[in-house]
Every structure is written in structure tokens, then in C-alpha cells.
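Report on the structure given below.
Protein chains: 2
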Amino acid sequence: MGLTRRDFLMQVGQLGGYSAAFTMMQSLGLLPLPEIASEMGKLKLIEGGGTSVVILGGGIAGLITAYELNKAGYRCTVLEARERPGGRNWTIRGGTKVEFTNGFSQACEFSEGQYFNAGPARLPSIHRTMLHYCSELDVPLEVEVNSSRSALMQADQLNGGVAVQQRRVVNDTRGHVSELLAKAINQGVLDQEISKEDKEKMLAFLIEYGDLKPDYIFKGTERSGFKVYPGAGVEPPVPKDPLPMHALLDADLWQGMLAEEVADWQPTMFQPVGGMDRIPFAFKTRLGSIVRYGCVVQQIRQTPVGVKVAYTDGSTTQTITTDYCVCTMPLTITRDIDADFSPEIRKILDGVTYDSAYKIAWQAPRFWETEYAIYGGLSYLKQTVGVVWYPSARCFSPEGIVIAGYGIENGFAFGKLPSVQAKLDASRQAIELLHPGNGKDLTKPVYISWGRIPYNLGSWLSGFGRRNDKTFDALLVPDRRIYFAGDHTSHLVGWQEGAALSAYRVINQIGARLQNGGSGAAST
Amino acid sequence: MGLTRRDFLMQVGQLGGYSAAFTMMQSLGLLPLPEIASEMGKLKLIEGGGTSVVILGGGIAGLITAYELNKAGYRCTVLEARERPGGRNWTIRGGTKVEFTNGFSQACEFSEGQYFNAGPARLPSIHRTMLHYCSELDVPLEVEVNSSRSALMQADQLNGGVAVQQRRVVNDTRGHVSELLAKAINQGVLDQEISKEDKEKMLAFLIEYGDLKPDYIFKGTERSGFKVYPGAGVEPPVPKDPLPMHALLDADLWQGMLAEEVADWQPTMFQPVGGMDRIPFAFKTRLGSIVRYGCVVQQIRQTPVGVKVAYTDGSTTQTITTDYCVCTMPLTITRDIDADFSPEIRKILDGVTYDSAYKIAWQAPRFWETEYAIYGGLSYLKQTVGVVWYPSARCFSPEGIVIAGYGIENGFAFGKLPSVQAKLDASRQAIELLHPGNGKDLTKPVYISWGRIPYNLGSWLSGFGRRNDKTFDALLVPDRRIYFAGDHTSHLVGWQEGAALSAYRVINQIGARLQNGGSGAAST
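These protein sequence lines map, in sequence, to chains A and B. Going left to right, the first sequence walks through residues 468 to 991 as the working numbering numbers them. Going left to right, the second sequence walks through residues 468 to 991 as the working numbering numbers them.
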């Protein structure tokens, strides 16, 4: 059952009255923002006065919830099943153990200083909340290069299957499009769409847009690189011959080509120096004993005045009883807990499906830098392994960690490969297709399959969750004294920023409830 | 008089025979390169055996020439007029004195750690030679963000003159272009251009390219940003309304929009940590007493066996006589030296014109980061000051140096402003247009006008030099024992890489001459 905005605001209204609802709308960023303002969610901390809260899960949502509520005088406890904070925010280094639910186990053998981020690996500059915490917690950031024009694109239909630089695909496509549109305009067929005055401007624009010749023909552009590079000899530079539009259409590399324009993938992007897990570990330092590691939730029960959570620390079962509970665990995990959730929450849990994203990382000499001038960025292939992601960290050093590839396993060819070895082979083959002869340079592989990682059982809600399925809106309303947070309760599925904003929502909701006397349980 | 490739190779042939000419072609990168190879020029060091070379000018061309020839056993002397190496590679910090030829003088008041690069400020990853020296000389690099989708574009005709994010201009333009082309294709007017099979693929592509609705209409895209940002509240995200194509055409921001696709401005770009002058100072350390600072060239004379250069160190006039001379000084400076150049060289010098690029830099709190989520990149305006360049260094720190603006003075409105104060006012006004209310935050201005900097008298050859004027090809042939290097002798005018490749050319030319006995002087 979907929840309309009106329903939702009415339910908030029942907790705190209309002004609470309005304030909450504001605080959640539901009102239009000025043209160029910060998009950071607004946190409204209400003094907790010793109110106790148990937070299930020490990922980004749980850590921020505990960090902020603790500031405001709540007594917080985070129960985290692992011995580390961060959840999917997980940086793999030499010595890291990777264990799958099916018993498959890996021990990472990377050299000292080498790492990769198995989960989130990018911080867009529009994700204001996460950047705010990096500042507040003194986590140094560096640029994450998300797009390099020297990175490659490969499809069997294009250039005889030999990979081409992204600059060619991007700029040759724009050239062809500009030429075609100029032709149509010059034939007068768009006269109804374009005024006479605009027509001249449009044609002048297309010459610039596509780097067309004065006769509106695209004959190649220096933007796509050079056959003869501009040097100091006598020969003038010569641009590469354009890739034919027919081949570009056949290759269908558009998704990779346009990835850099996805809202959350546009420059400028950042990453913490040394690994994404510097963020959860910075929270860990601040939170100290508030986070209990190695504590696996087993049972959740509600009473009229509180929430009782039973958990095991591996040897004994313990219970904790608090005024409120914030459940940030993945729904795949929450689903299997013995809990007296409302029928509506249970229905969501019963129906939920998660994607299983994977990454395969290798240590290698930086042939992509020395031989291809690729520093960071991603190459795209139309193959079983469709993405190769180069490190933005420690450029110009001798070795680095390259990810080949990154994608979703369920429903895709990669996921159907019969063995881990077959997957590693496909990964090496992707490198070989992009960088012939360098497949052999890949060493020390680590394969992460989030669907088989304990305490995750998936990477993120399938189908972008609330973006496409209103059912999940019901997670915004507390089930009596249990609140739900995590990126799966946001419109930013799979992003730390979604987790952070969901923490803000829950903090604001609990604060509004306390202001209203703290007694009323939301109807569901 | 232009020099054809054939003429040139014949002249090289006179020096070293056909194989020398062929080797030189190879070494200068004149032969087509493989698809994805390094574009670095090939240096062929020939043992100098004590051959003496005086190098005029300690910019990048001069420093590399001396560094490499010194390695190979030549006795090198660099005469540099200033007390520092680097030429236009000049990093301005607190305490730096800036003196114009007209007597106007500034003392930079930046705080400790603040700086800006008055000359070159970017190292494209395709400039392999410069990156090679950063590695070899241990100059640490960091990413220079040359394009940020949160940076702004402003034109009076667009959005009521209120600046918009680049993401909107880029993605709304692509949306409109895609819609128009889809309309033309659906009307069948391009059937002669596009096969029936491609037509379907083309339409599918345009939906993806422009983020069109299934009916091929562009109604806005999340790529352009949000009216309602994706959060964790109940409201789904809402993309911004598209900017109308009519207004985009009127605004004519295309040059700024497409800057990121210029061959040498594409990601990934770098900059030395701490300032571009870390490169010349690294050479300075290696070259030691080979570079004589404060030595102003006054006279150049050739004999059948050598070159005699008279220079003053401020107090006395001295002379140095060497086997060869490499002149890397700007042509604006070389022109006024008392020298017995050949008529052909003299003709070039007499006709030469240089542009005068300017930069105005301010220290300010980083309002562009905190209030606009802009980290590096450039904003573009259709105003007297047309570019604002944000620092990529030390992001997230309290203050930084913002450049407003950067451009050519000669022939443009900015250059016609009547006073330095009027220029600073225009600079502040550009910031105010982009960031209303922040104009007042700008402090400690520094204004660089390369046309009025002693020992430069210009920023670079006008009109892209050899790209558009074959006359300059004559600089590739030595005037008896004087060789010419510097970016003005390359196809990369205004780039350090051009200077570096020109040094390689000269080194290879001198080496080939030594191999040939070292006696023959080139005909001119």
C-alpha cells in the first residue's frame, strides 16, 4: 500500500500538529530550494534529556543517528553485528578477510598501502551531508576522478573491437548529431520549431557544438584526439578520423558515455584519502563504547512504553530495553529477525528484493597510467564485465588497485558465470580487451559479491526502491516506537547521503515526538 | 616565407643525411601514433663530449634543454634575467613582488600557504613530457579540477541574468538538441542520411542522449539538477524545469560550455601540489650553478666556430663564448637584443605580435564551496570579465585564492578599461554576478598583465603561432649555431608541453649535428 504525501503529513500532524509537519517538510528539504543553495538536509536537534534509543546497525545511518542524538543528550546504544563500523562502507586492504555466506573465503593479499572500497567509493560534491561530516570529523578528502577522456570504450562492433578513447565516442557522437541536425534545419523542416532568428543562431551553435566545418559537415575534431599529436616538429597536428555514426549506434555505448552526467556522478567528486572507511572509523573514535561490536540482533519486542531488543555477542544473549529503537539494518537482514512488526512493515519485509552488486579488484603495475595516460575514471565495455574503474588515489605510484568490474550480478550474464574462477577470468578478459597484453599483470584478486556478504545479503533495494515503488514510503512512519532509517528509506538508494538524510529524518521525527510529550505512538 | 615539410626535411638532411631526417621525424612524433600510445616526444641524447652550449632563458624550454644536455656531457650555461627560474611558470605568494614595465608595482599580501599560478596552471594528462619530469624530479601532483557541474554560467539573456549551474546549460542543451533531431528523423527528412535500421537505433539513442520522454519530448532531466532534491522525506525528487533553447541560444555560452572538450583541457588534469613553480624549482635544485640568475642578455654574435653572448649581471658586462646557443627567450625579448640574426629570423622577429593574457586573483573565504558546492572548475560569464577560476588546491580549508578573471587583454573590452582600479572593479563585479553578496568578501587582489611583465612582454604568440602561420616554421631551422626553442616554436603555443617538446627537438638537432661531425652550419 502506497502512502500519499497527504497521508504522511497527516500522520506526522497527529504526532506534533501542523507546525511540526511543516517544520518537518522544511527540515527534510521538501520545499523547493533556491537556484544554487546547499542541498544539505536540515537537522533539528531537540534535547533528549536522557531518552534512551537503541540503534540497530552501525552503518552510516546508524552512526549518524547515534552521533547526533548523543550530542543532544539521548542515551544511545548501537548494536553492530561486525567487529568494525560502516556496513557496506568497507575498505579492503592486505589482511582483510572476505567471507561469503556460502563458505567461500578470501584473505586479501594487497601490498602495504593498497586498498579499494568494496562498497561506496564516491562522494559527489552535491552530497552536502556526507561532506559536512568529513569536515566535522576531520576526514581528509581528495578528488575522485569519475570521468577521464583517456579512459576507454570497447564494443565488438566498433573499431574492429579495438578499444577507443572516450574522447572519441563523446566528441564524434556530438559531431554527427550536430551535422544531422544542421542538415535538417537547412532543409527547413524544423521551421515550425525554430524561429527565423533562432535558426541562424542554431546553425552557428551547431558548428561550435559539433566542431563542424563551415558547410556544416563533421570531418573529425581535435577534441577526439590526434593522429599526429601537436609537437614541436614541422608537421602540424592532425585529428583522428571520426568514428562512423553507424558503428557508434551499433556499439551502443551510450550508458557508459552518459554516466558522467548522472546527477550523483558529475564532477566534482571526492573520496577520503586512504579509503572510504575513514568516515565510519572517525565516527567510531567519537562514539566509543556507544557502539557495541559483534552484537547480532535476535529479537525485537515492543511494549507500550519501550522497545526490547535481544542480541548475542557470540557467547551470551543479552537484552536492552529503551524508549525508542532506530532500525537501520538492511531489510534483507531485518526480515529474518524475530520481531513483532506491524502487518504493514511485515508486508514490506516479505516482499523485498535486493540487488547483489559485485566488484573484482586486482593489484597491478599502473599500466593504465604509464601506457594509456589514464588517471582515474572508468572504462566501459559491452561485455560480460562492463566496467573497469581505475584508482584516483596515489596516481603516479608504481602499483595500484584496478576494479574490473563493477555491476549487478542478479539478472546479468556475469552473475550466471558458473564459478568464481570463471568470474575472475571474465574480469581479466575485460582488462585484456581494453589493454591488450596487460591481463597477465593482474595479481591478488579480491571478489566481493554483496548478496553473499553476511549481515548484508544484498547491495541495495532493487529497482531504486522508493523512486519506483511507493510501498516503501510506509517505512517513513514509525512502527510504534521503532523508526526505520538507512538509504533504503530514502530517494538515494545505494548512497551514503541517502543513509545520512534518513538519519536526519528519524532524528527530527523523534525530536518532534518528544516535543509533543513523547507519548503518542503513530498509527500505521 | 613558409617552410614546407619537404624543405624542412631537406635541410635536416643536409645536416645529417636521410636517416637523420627519418630518425628526427620519428623522434618528433611526426609519424602516426598507435591508437592509445603515449604521446610523449622521443628524446635521443647523443654524447656531448664537452661541447659547450649557452641557453638563453631559464623557462621550461631552457631548463629542460640544460638538464638533458648536461646529462649527456655537454657544458651548459643558462642565462636567466630574473632571480628565479621558470619564466611564465610563476607562482605568486604572500611577499611576491609584481612589477610592470610601466612602473606599476604590487606586493602580494596573501596569507601563509595561499598562492596562485600566474602563468600555466594545468597539466593535462596527455602532456606526457611534463608529467614525465614531474615524476623524474619528484614533484608531487594533485588533480586540477577543470570542470565542475556545479560551477556557474551567467548571461544577461538567460534566467533573468541570474547565474545557472553548468549542469543545466550542458544537459538542457543536449535535451533540446536531441528533441529537435528526433523530430526531424520522425518526419523522415533524414532518411537519405540514415538507414532504416539505424533510424530506430538513432531514435533510441536520442532518448538516452537527451533524457527524452518516450514521445521524444524533452521535459527536463535530473542531470540538470533538482527543484526538489532527492532526500529521505516523502516527496520524490523533482528535476529543474529546462532552460528554453531560445534563451540558451541568446546567451551564447557555448565557448565556456565546450571548454572542457578542448584537447588540452579534458580530464584528467593535474597541478603540482603547492604551486606550478615547484617544477622549475626542482630543475633549479638539479642544475645548480649551471643557471646564472640575474643575467640579462645584451648582445649575440656568431663566428664560424661559435656563438658569443654578452650579458650584464646588473653591475658588469660579461661575455660567454660557446659552440652552440639555444635561444628560448620570448620573441618579444629576443627582438630587442643586439644580435646578428639571419634576415629570415630578423623578419620573423620584426613581424611578431604577442597576446597579453591577464589574471586577477583574490583571497577570500571559500563561499563557492560552502554556499555553492563548487570545488575547482571554472564559471563562465558573458561579461567584460568572462571567466572565474576556483582553486582545486586545499579544498575544504577556510580561505582560498579565486581567479576572476583570466583572458586576453588586447582587443577585448577588459583591456580597454581605463585603470587598474576599473579592472579590479570589473573582477569583483563578475564574482558579484555569479555569487551575489560575495563581491565584498574579496581581499588582497593581485593583477597580472603579461604584456607588461619585464622579460616577457606578452603571454604567447598571437593567433596560435605556427598553427595558423607557417612563417614561424623557419624557427625550426638553426640560424647557423643558434637554435630556437620555446612554446612559440611548437604547435602547443602557451603550453609548457610545447616548450618541453621544443627542447627535445633542439637537443635532437644538436645531437644529430654532432654525429655528423658538428661542423656543418645549416643554410637558412
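Glycine included, every Cβ here is placed at the ideal spot set by N, Cα and C.
Here's a check: name, in chain order, each residue in its chain whose Cβ is nearer than 7 Å to the Cβ of A:Gly978, leaving out the five neighbours to either side.
As a first step, residue 978 of chain A is located in the first sequence; it is residue number 511 there, counting from the start. Lys511, Leu512, Ile513, listed in sequence order.
(request) Count the other C-beta atoms from every protein chain shown that fall within 10 angstroms of the C-beta of A:Leu498, then say buried if there are 16 or more, exposed otherwise. (result) Residue numbering aside, residue 498 of chain A sits at position 31 when the first sequence is read from its first letter. The predicted position of A:Leu498 is uncertain, since its pLDDT is 35 and thus under 50; no value can be drawn from it.
So, with DSSP's three-state summary, where would you put A:Leu845?
Mapped onto the first sequence, residue 845 of chain A falls at position 378. Three-state result, A:Leu845: strand.
Cβ-based neighbour list, A:Asp708, same chain, cut-off 8 Å, excluding 5 preceding and 5 following | Taking the first residue of the first sequence as 1, we reach residue 708 of chain A at position 241. So the qualifying residues of the chain are Gly687, Lys694.
Self-check item: Residue range of the alpha helix (DSSP H) that includes B:Leu426
Solution: The question about residue 426 of chain B has no answer, for chain B in this structure spans 468 to 991.
Quick one: which residues of the region 632 to 659 of chain A get their C-beta closer than 7 Å to a C-beta of chain B? List them in chain order.
Gln632, Arg634, Asn638, Val644, Leu647, Leu648, Lys650, Ala651, Gln654, Val656, Leu657
As assigned by DSSP and simplified to three states, the class of B:Thr786: The sequence position of residue 786 of chain B within the second sequence is 319, counting from 1. Reduced to three states, the DSSP call for B:Thr786 is strand.
What distance in whole Å lies between the Cβ atoms of B:Leu657 and A:Lys650, which are believed to be in contact at a cut-off of 8 Å?
-> Counting from one through the first sequence, the residue named residue 650 of chain A turns up at place 183. Counting from one through the second sequence, the residue named residue 657 of chain B turns up at place 190. About 7 Å; that satisfies the 8 Å criterion.
- Task: Sort A:Val869, A:Tyr683, A:Lys907, A:Arg560 by Cα distance to A:Glu646 and report the nearest one.
- Result: Sequence index remark: in the first sequence, residue 646 of chain A carries index 179 (1-based). If we check each option's Cα against that of A:Glu646, A:Tyr683 comes out closest.
- Chain-ordered neighbours of B:Tyr971 on chain A, where CB pairs are closer than 8 Å: Here residue 971 of chain B is taken as the residue at index 504 of the second sequence, counted from 1. Simply Ala699.
Next on the checklist: Using 8 Å as the cut-off, can you tell me whether the region 873 to 887 of chain A makes contact with the region 604 to 618 of chain B, which would need three or more C-beta pairs spanning the two stretches below that distance?
Outcome noted: no
Next on the checklist: Could you check whether the region 527 to 534 of chain B touches the region 788 to 798 of chain B, counting it as contact only if at least three pairs of C-beta atoms, one from each stretch, sit closer than 8 Å?
Outcome noted: yes
Whole-angstrom C-beta distance between B:Arg861 and B:Asp807, which should lie under 8 Å
The sequence position of residue 807 of chain B within the second sequence is 340, counting from 1. The sequence position of residue 861 of chain B within the second sequence is 394, counting from 1. Between B:Arg861 and B:Asp807 the Cβ distance is about 50 Å, and since that is not below 8 Å, they are no contact.
(message) Give the list of continuous beta strand (DSSP E) stretches no shorter than 3 residues that lie fully inside the region 505 to 571 of chain A.
(response) 519 to 523, 542 to 546, 558 to 560, 564 to 566
- Message: What residue range does the beta strand (DSSP E) around A:Ile915 cover?
- Response: Here residue 915 of chain A refers to the residue found at position 448 of the first sequence. Where A:Ile915 is concerned, the enclosing beta strand (DSSP E) stretches over 910 to 916.
* A:Pro734 CB to nearest chain B CB: under 8 Å? -> Position 267 of the first sequence, counted from the start, is the residue given in the question as residue 734 of chain A. For A:Pro734, the answer is yes, since a Cβ of chain B falls inside 8 Å of its Cβ.
Answer yes or no: does any C-beta atom of chain B fall closer than 8 Å to that of A:Thr956?
On the first sequence, position 489 is the one that residue 956 of chain A refers to. By this cut-off, A:Thr956 is an interface position.
How big is the Cα-Cα spacing for A:Pro747 and A:Gly878?
Taking the first sequence and counting its residues from 1, one reaches residue 747 of chain A at position 280. Taking the first sequence and counting its residues from 1, one reaches residue 878 of chain A at position 411. About 32 Å.
Using three-state DSSP, classify A:Gln733 as helix, strand or coil. Numbered from 1 along the first sequence, position 266 holds the residue referred to as residue 733 of chain A. Coil.
*asked:* I need the straight-line Cα distance from A:Phe737 to A:Lys751, nearest angstrom please.
replied: Numbered from its first residue, the first sequence carries residue 737 of chain A at position 270. Numbered from its first residue, the first sequence carries residue 751 of chain A at position 284. Rounded to whole angstroms, A:Phe737 to A:Lys751 spans 21 Å at the Cα level.
For A:Lys680, count neighbouring Cβ atoms within 10 angstroms of its own Cβ and tell me buried if that reaches 16, exposed if not. Translated into positions along the first sequence, residue 680 of chain A becomes position 213. By the 10 Å Cβ count, A:Lys680 comes out exposed.
Next on the checklist: Determine whether the beta carbon atoms of A:Met712 and A:Thr558 lie at a separation below 8 Å.
Outcome noted: Your numbering for residue 712 of chain A matches position 245 in the first sequence. Your numbering for residue 558 of chain A matches position 91 in the first sequence. Their beta carbons are not under 8 Å apart, which means A:Met712 does not touch A:Thr558 by this criterion.
Applying the 10 Å Cβ sphere with the 16-neighbour rule, what's the burial state of B:Asn569?
Position 102 of the second sequence, counted from the first residue, corresponds to residue 569 of chain B. Exposed is the call here.
* Starting from B:Arg753, follow the alpha helix (DSSP H) in both directions and report where the run begins and ends. => In the second sequence, the residue the question calls residue 753 of chain B occupies position 286. Where B:Arg753 is concerned, the enclosing alpha helix (DSSP H) stretches over 745 to 754.
(message) Three or more C-beta pairs under 8 Å: does that hold for the region 813 to 829 of chain A against the region 923 to 932 of chain A?
(response) yes
Item to check | Backbone CA spacing between B:Glu811 and B:His958 [nearest angstrom] | outcome: In the second sequence, the residue the question calls residue 811 of chain B occupies position 344. In the second sequence, the residue the question calls residue 958 of chain B occupies position 491. So the alpha carbons of these two residues sit roughly 20 Å apart.
Span of the alpha helix (DSSP H) around A:Leu798:
Translated into the one-based positions of the first sequence, residue 798 of chain A becomes position 331. 798 to 801 is the span of the alpha helix (DSSP H), which, as asked, contains A:Leu798.
Note to self: Assess contact between the region 776 to 791 of chain A and the region 537 to 552 of chain A, defined as three or more Cβ pairs (one per stretch) separated by less than 8 Å. Is contact present?
What the structure shows: yes
Problem set entry | DSSP beta-bridge partners of B:Glu609 | By one-based count along the second sequence, residue 609 of chain B stands at place 142. B:Glu609 pairs with B:Gln738.
Check your understanding: What residues from chain B crowd round A:Pro704, counting only those whose CB sits closer than 7 Å?
Key -> As a working note, residue 704 of chain A is residue 237 in the first sequence. Here the neighbours are His958.
**Asked** What is the DSSP secondary structure of A:Val631, counted as helix, strand or coil?
**Response** If you number the first sequence from 1, residue 631 of chain A lands on position 164. Strand.
Legend entry - Contact set between B:Asp623 and chain A, taken where Cβ atoms lie within less than 9 Å: Here residue 623 of chain B refers to the residue found at position 156 when the second sequence is read from its first residue. Under the 9 Å cutoff, chain A gives no residues; its nearest Cβ is about 16 Å from B:Asp623.
Problem - Candidates B:Arg933, B:Val887, B:Asn935, B:Ala828: closest to B:Ile898 by CA position - result: Translated into positions along the second sequence, residue 898 of chain B becomes position 431. That would be B:Ala828, whose Cα lies nearest to the Cα of B:Ile898.
Could you work out which residues of chain B lie near A:Trp557, taking near to mean beta carbons separated by less than 7 Å?
Here residue 557 of chain A corresponds to residue number 90 of the first sequence, with the count starting at 1. The premise fails here: A:Trp557 is roughly 22 Å from chain B at the closest Cβ pair, so nothing lies under 7 Å.
Exercise for the section: Determine the chain A residues that contact B:Phe951 at a beta-carbon separation under 9 Å, and present them in chain order. Expected result: Here residue 951 of chain B refers to the residue found at position 484 when the second sequence is read from its first residue. Within chain A, no residue comes near B:Phe951; the closest Cβ sits about 10 Å away, beyond 9 Å.
Can you check DSSP and say which residues form a bridge with B:Arg695?
On the second sequence, residue 695 of chain B is found 228 positions in, with the first residue counted as 1. Correcting the residue type first, residue 695 of chain B is Val in the shown sequence and not Arg. Beta-bridge pairing links B:Val695 to B:Val705.
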